[in-house]
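In this note's numbering, the protein residues as written are 563 to 819.
Every residue, glycine too, gets a C-beta built ideally from N, C-alpha and C.
Source: prediction; values computed, not measured.
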């Protein structure tokens, strides 16, 4: 009798496990489209925030409306050419970076961002107004102290002025390197000069505060207190992506248009 009771208990437990597994799997499948939609909306929000087109409190409707001004294109980084046959909505740069046929190893002496490999392609975002480019927004990423930082930098149409910068994903220390999220620190980037006259990246995060009398102050942003490695990492990743090994070829063609 006891054996029968034990067998029934095991059978009921097994059936419940199977039912629960089915329910969890069904919920995961059912929620995936919503999760993907939320992820897409969050990326769009961060693109718009980098350009100063929405703030952190923007509603879904405001994000969708503001994003109508964005024209996305996929480019080949080495040539700077727009890849007309690659649709931005179907291209995932982070997945491409892990695909040997769509990525390449970065030589150590060129790897200012500390990322080791990069996709051969990237999406770029143009803010359009009456048929003209009002701003250019570029995705950037690179190593901080504890993590890879992912974000966007917005440039004026003449490429000389930074319009904004923001990171949407990182694992830096709160209160230290995590201050890359501080609105006051991010606000310093707006109005700074990105390049020298020959399109050489000049912007940098320095140690300490920028001296108002420094003749090079337009190229400098205050350092993050107690986070020298993160500060240096931000300098490196921004200079990498704005440089000849990043978006340089595309920016040169954009400038000549």
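Straight-line Cα distance separating residue j from residue i
| i | j | result |
| --- | --- | --- |
| residue 819 | residue 654 | 27 angstroms |
| residue 563 | residue 572 | Residue placement at residue 563 is flagged as unreliable, the pLDDT there being 48, under the threshold of 50; a coordinate-derived value is accordingly withheld. |
| residue 605 | residue 720 | 25 angstroms |
| residue 737 | residue 665 | 35 angstroms |
| residue 620 | residue 641 | 36 angstroms |
| residue 773 | residue 785 | 12 angstroms |
| residue 751 | residue 597 | 32 angstroms |
| residue 672 | residue 802 | 8 angstroms |
| residue 851 | residue 693 | Any property of residue 851 remains undetermined from this structure, which presents the chain solely from 563 to 819. |
| residue 581 | residue 570 | 16 angstroms |
| residue 670 | residue 677 | 10 angstroms |
| residue 648 | residue 729 | 25 angstroms |
| residue 612 | residue 584 | 42 angstroms |
| residue 790 | residue 639 | 30 angstroms |
| residue 763 | residue 800 | 8 angstroms |
| residue 734 | residue 792 | 8 angstroms |
| residue 607 | residue 634 | 14 angstroms |
| residue 657 | residue 775 | 45 angstroms |
| residue 768 | residue 783 | 6 angstroms |
| residue 663 | residue 777 | 45 angstroms |
| residue 821 | residue 623 | Absent from the model: residue 821. The displayed extent of the chain is 563 to 819, so no value can be given. |
| residue 788 | residue 618 | 26 angstroms |
| residue 601 | residue 629 | 15 angstroms |
| residue 780 | residue 595 | 44 angstroms |
| residue 807 | residue 599 | 32 angstroms |
| residue 805 | residue 682 | 15 angstroms |
Beta-bridge pairing of residue i - partner residues as DSSP gives them
| i | result |
| --- | --- |
| residue 690 | 695 |
| residue 667 | 679 |
| residue 638 | 683 |
| residue 763 | 757 |
| residue 632 | 689 |
| residue 881 | In this structure the chain extends from 563 to 819, so residue 881 is not present and cannot be described. |
| residue 783 | 767 |
Boundaries of the alpha helix (DSSP H) in which residue i is found, first to last residue
| i | result |
| --- | --- |
| residue 800 | 790-804 |
| residue 815 | 810-818 |
| residue 658 | 655-659 |
For residue j and residue i, believed in contact at Cβ under 8 angstroms, the rounded distance
| i | j | result |
| --- | --- | --- |
| residue 675 | residue 705 | 7 angstroms |
| residue 795 | residue 707 | 7 angstroms |
| residue 686 | residue 632 | Wrong, their Cβ atoms sit about 10 angstroms apart, outside the cutoff. |
| residue 761 | residue 817 | 7 angstroms |
| residue 717 | residue 756 | 6 angstroms |
| residue 714 | residue 625 | In fact, because the Cβ distance is near 14 angstroms, the residues do not count as touching under 8 angstroms. |
| residue 812 | residue 668 | Residue 812 to residue 668, Cβ: 17 angstroms. No contact. |
Closer than 7 angstroms to chain E by CB, residue i
| i | result |
| --- | --- |
| residue 759 | Going by chain labels, chain E is absent from the structure shown, which holds only one protein chain. |
**Prompt:** In chain order, which continuous runs of the alpha helix (DSSP H) of length 4 or greater are located wholly inside the segment 695-755?
**Reply:** 745-749
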